[in-house]
Amino acid sequence: MRAGPTLTDQSATPHGFPEPHGQPDVHDRHGWSSDRAYQTGLPPEPPYPAEQPRPGGQPAREPHPIDGPGTSTGGFPIYAFRESLSGAEPEQGYPATPDYGFPGPDGPAGPVRDLGGAGMLGRHRNPFAAWLGLPLLTLGVYPFVWVYKTNRELAEYDRRIQVNPTLSVLAFLIGWLVIVPPFVAAWRLGTRTRAAQHAAGVPETNPVLAFVLFLIGFGPLFLQLELNRLWDRYPGAVEGQQVPLYR
């Protein structure tokens, strides 16, 4: 048994509705239908050209595209709905990257090309988690991870900072056999932090204070606070984003 027409049938009437059963409809090119004689008992209206007025002073009109067949929404094309919306077109793409061409009050003025180049932004960490929380959870393993990542991020931020993160970790891990390497690694980590802060144009830390705090167990807490102040120099930027150096 053949199913009846649906609202999405392309053979629908000019208004997007199925043909009534048993009532054939013949449309001329002006949209007038002969089934009006069947429904009202009156003779069908003659096809008036578009440029001539109909009786009663109403001009003839061509069917609006919204009334015509050939749509996939039962006589209402999607583009008509889209064009009916008000307002500007939505912007495409991702938001623009923050412009760091000019530093803040703590740094020198000038475009990036006149300053120190560019580097990769490091990670903003919770200083108390890096100092105490994660070392306890990892049974003393995280401090070595922190030393490796911190040295690597400083080298990626400023290419003038020369460091091998793996050697720094080994100095803390097995350097105690000859006593000197851990102290050298702690001192150099403080000086590298100061050099990176200088490149960012922010107040610089005191490596002597950082070294003394390392001796009493507060070095990671202090230096992570200083590193966060360095990364905060670039509001809106994310870890791994290229940012300018100001010195």
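Those letters in the sequence shown? Residues 930 to 1176, per the working numbering, in order.
Heads up, the beta-carbon is just placed ideally off N, CA and C, and yes, glycines get one too.
Considering only DSSP beta bridges, list what proline 1173 is partnered with.
The secondary-structure analysis by DSSP pairs proline 1173 across a beta bridge with Ala1047.
Problem set entry | Residue from Phe1112, Gly1130 and Ala1129 with nearest C-alpha to proline 1136 | Phe1112
query: Mapping DSSP to helix, strand and coil, what is phenylalanine 1031?
result: Its pLDDT being 47, under 50, phenylalanine 1031 is placed unreliably in this model, and the coordinates cannot settle the point.
- Taking DSSP as the reference, what is the three-state secondary structure of proline 1094? helix
key: Proximal residues to glutamate 1155 (C-beta, below 8 Å), its chain only, five neighbours per side dropped   = Thr1122, Gln1126, Thr1134 and Ala1139
>> Looking at the secondary structure, which residues open and close the alpha helix (DSSP H) in which glycine 1148 lies?
In response: 1148-1160
ask   = Looking at C-alpha atoms only, which residue of Gly1130, Thr1120, Glu1085 and Pro1064 is the closest neighbour of tryptophan 1075?
value = Pro1064
request  = For arginine 1081, collect the residues of the same chain with a Cβ closer than 7 Å to its Cβ; drop the 5 residues on either side in sequence, then sort them by chain order.
outcome  = Pro1094
Between the C-alpha atoms of tyrosine 1175 and phenylalanine 1101, what's the straight-line distance to the nearest angstrom?
32 Å
Checklist line | Of the listed residues Arg1089, Phe1057, Gly1051 and Leu1144, nearest to tyrosine 1077 (C-alpha basis) | finding: Gly1051
C-beta atoms of proline 1130 and aspartate 1087 nearer than 9 Å: It is worth fixing the name first, because residue 1130 is glycine in this sequence and not proline. No, the Cβ-Cβ distance between glycine 1130 and aspartate 1087 is not below 9 Å.
Could you have a look at leucine 1058 and say whether DSSP puts it in helix, strand or coil?
-> First, the residue type needs correcting, since residue 1058 is alanine and not leucine in the sequence shown. Three-state result, alanine 1058: helix.
Give me the residue from Pro1164, His1053, Arg1054 and Gly1069 with the minimum Cα distance to glycine 1146. Gly1069
Please return the same chain residues whose Cβ sits closer than 6 Å to the Cβ of phenylalanine 946, not counting the five positions on each side in sequence. Below a pLDDT of 50, predicted positions are generally treated as unreliable, and phenylalanine 946, at 48, falls in that range; the measurement from the model is reported next regardless. For phenylalanine 946, where only same-chain residues beyond five positions count, there are no Cβ hits under 6 Å.
### Task
Please classify asparagine 1135: does DSSP put it in a helix, a strand, or coil?
coil
(message) Between Asn1055, Ile1103, Leu1106 and Ile1090, which has its C-alpha nearest glycine 1119's C-alpha?
(response) Nearest C-alpha to glycine 1119: Ile1090.
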